[in-house]
Amino acid sequence: MSSAASYLPLLQRYFTRYGMTTYNVLGNIGLVFNMMLFLWPVFRRNPCSIYIFAASLTGLIGLNISTIPVIHALDHPNPSTVSVRFCELQFYFRHSFNQMMRTYFICACIDRYAISSGNKRIRSFSRFRIAVYIIISVPIFWFLLALWPNTLNTLENGRCGGKKGLSAIILSIYMTLVVGIIPLLGMIIFGLLMLKNLRNVRSRVQPNLMVGVSAPRIHKRDRDMTRMLLIEIVGYIITIAPFTINLLYQSATQTVTKSVDRQLIESFSTYFNGTFLIYMNNSFSFWIYICVSRTFRSEVKNLCLKCCKMISNQPTQWNTSVT
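Position 314, counted from 1, in the sequence shown is what the numbering used here calls 314; the numbers after and before it change by one each time, with no gaps.
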């Protein structure tokens, strides 16, 4: 067991050098495409598109703040383990931007639930003006809230993390709730509600319509967006759930005396679930969308053609026939 556990630090370096570097590059490419695409005329006035644009922008910043220092530390001193100020600032901005991304994604799910609802009052949430207000409010909320957990974080014995004692327990509870449980519940609840509404919409188009029930017209682009978000919810659950479980385990075993092998295994588990896996969800949205939706692939093709023709100074038109 000892010989097997001793290889885990080397395996962690391989994961960082090849795995994290790969999804950082692909994530940057995909998130830039997302931002360009969801600002073009075919999407611009759709509230869900605005949420996805905001999630892509904050996800891009959060991805690079979170992963570049880890990749840089492979061959250079890690600034977060030698500088208290860098440790505090990185935690503050990493937490703020990643939470903004998760919040915008949940807002996009709520928007898809609202637009597919048969209730007019619920459908009224899916409005451009409301989306703008929320997008402005979310950064203010997280930049203020993140100040408090940042006071519980410090640099001790070459490790950037929670202060020992009660502060570490409080920070662990906060991270479990705010990063793990609450976003997961929000995504699962509104994901199930979206599925329920989509089934209800299908039933309303059958010949036996109920009298007095208003049935919203769901365009193909809206249906595709809903499908894209549902698949992305699955990706979020896969990457966030292990992080939450790992935090709960750490809290439950803080006072347990552990062998060297167990410490190595837990250190690797903390890295894989709390660093490698959780930041991967910043990077996969574009690649999920392009795999799931033919409409999205068509718009990506239009975007690429438009960019090429703009470079060559040739006029072009958008293909907006898909509704």
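Every residue, glycine too, gets a C-beta built ideally from N, C-alpha and C.
| task | Please classify Leu144: is it buried, with 16 or more other beta-carbons within 10 angstroms of its beta-carbon, or exposed? | result | exposed
| request: Would you mind working out which of Phe105, Phe33, Pro77 and Ala73 sits nearest Val234, comparing C-alpha positions? | output: Phe105
| field | Rounded straight-line distance, which links the Cα of Lys120 to that of Gly212 | value | Residue confidence for Gly212 is low, a pLDDT of 47 falling below 50, so the modelled location carries little weight; the figure read from the coordinates is stated next. Each residue's alpha carbon lies about 12 Å from the other.
| said: For Leu198, tell me which candidate among Gln12, Pro9 and Ser117 has the shortest Cα-Cα distance. | reply: Ser117
| query | In whole angstroms, what separates the C-alpha of Pro242 from that of Asn313? | reply | 50 Å
| For Arg294, which option in Ser259, Met225, Phe125 and Asn24 has the closest C-alpha, if you only look at C-alpha atoms? | Met225
| Ordered along the chain, which non-local residues of its own chain (more than five positions away) have a Cβ less than 7 Å from that of Ala5? | Asp261, Leu264 and Ile265
| query | Per DSSP, what kind of secondary structure is Gly19 in: helix, strand or coil? | reply | helix
| query | On the three-pair Cβ rule with 8 Å, is the stretch 85-92 touching the stretch 120-131? | reply | no
| query | Looking at Val70 and Met101, is the spacing between their C-beta atoms short of 8 Å? | reply | no
| task | Quick one: using the 10 Å Cβ neighbour count with 16 as the cut-off for buried, is Val256 buried or exposed? | result | exposed
| request: Less than 8 Å between the CB atoms is what I'm expecting for Ala114 and Ile122, so what's the real figure, rounded? | output: 5 Å
| Residue closest to Ile29, alpha-carbon to alpha-carbon, out of Phe286, Gln99 and Ile238 | Phe286
| query | Apart from the five residues on each side of it in sequence, which residues of its chain come closer than 7 Å, Cβ to Cβ, to Ile61? | reply | Phe97
| Just checking my contact of Phe93 with Ile68 at CB under 8 Å: how many whole Å lie between their CB atoms? | About 12 Å separates the two Cβ atoms, so there is no contact after all.
| said: Any contact between the stretch 270-277 and the stretch 246-256? By contact I mean 3 or more CB pairs, one from each, below 8 Å. | reply: yes
| To the nearest angstrom, how far is it from the Cα of Ser214 to the Cα of Asn200? | Residue confidence is low: Ser214 scores 48 on pLDDT, short of 50, so the model does not pin down where it sits. No coordinate-derived value is stated.
| said: So the candidates are Asn302, Arg13, Ser56 and Ile311; which of them puts its Cα closest to the Cα of Trp40? | reply: Asn302
| DSSP puts Leu155 in a beta bridge; with which residues? | Cys160
| With 16 other CB atoms within 10 Å as the buried threshold, where does Val138 fall? | buried
| query | Just to confirm, does Asn282 get its C-beta within under 7 Å of one of the non-hydrogen atoms of the ligand GDP? | reply | With respect to the ligand GDP, the structure offers nothing, as it holds no ligand at all.
| said: I believe Arg227 touches Val179 by the beta-carbon criterion, under 8 Å. Please report the beta-carbon distance rounded to the nearest angstrom. | reply: Between Val179 and Arg227 the Cβ distance is about 26 Å, and since that is not below 8 Å, they are no contact.
| request: Could you check how far apart the C-beta atoms of Leu63 and Met35 are, in whole angstroms? I think they sit under 8 Å. | output: Not confirmed; about 13 Å, so no contact.
| Alpha carbon of Asn282 to alpha carbon of Ile238, nearest angstrom | 13 Å
| query | Going straight from the alpha carbon of Phe296 to that of Glu156, what length do you get? | reply | 47 Å
| Is Cys304 buried or exposed, if buried means 16 or more other CB atoms sit within 10 Å of its CB? | exposed
| field | Per-residue DSSP class, three states only, for Ala215 | value | Confidence is the limiting factor: at Ala215 the pLDDT is only 49, short of 50, which leaves the residue's position unreliable and the question unanswerable from this model.
| query | Are the beta-carbon atoms of Ile50 and Ile140 separated by less than 8 Å? | reply | no
| Status (buried if at least 16 other CB within 10 Å, exposed otherwise) for Cys160 | buried
| said: Starting from Lys328, trace the alpha helix (DSSP H) in both directions and tell me its first and last residue. | reply: The structure shown does not extend to residue 328, since the chain is modelled only from 1 through 323, so no value can be given for it.
| Thr103: which of Lys196, Ser251, Ile231 and Ile52 sits nearest, CA to CA? | Ile52
| field | Distance between Asp111 and Ile189 (C-alpha atoms, nearest Å) | value | 13 Å
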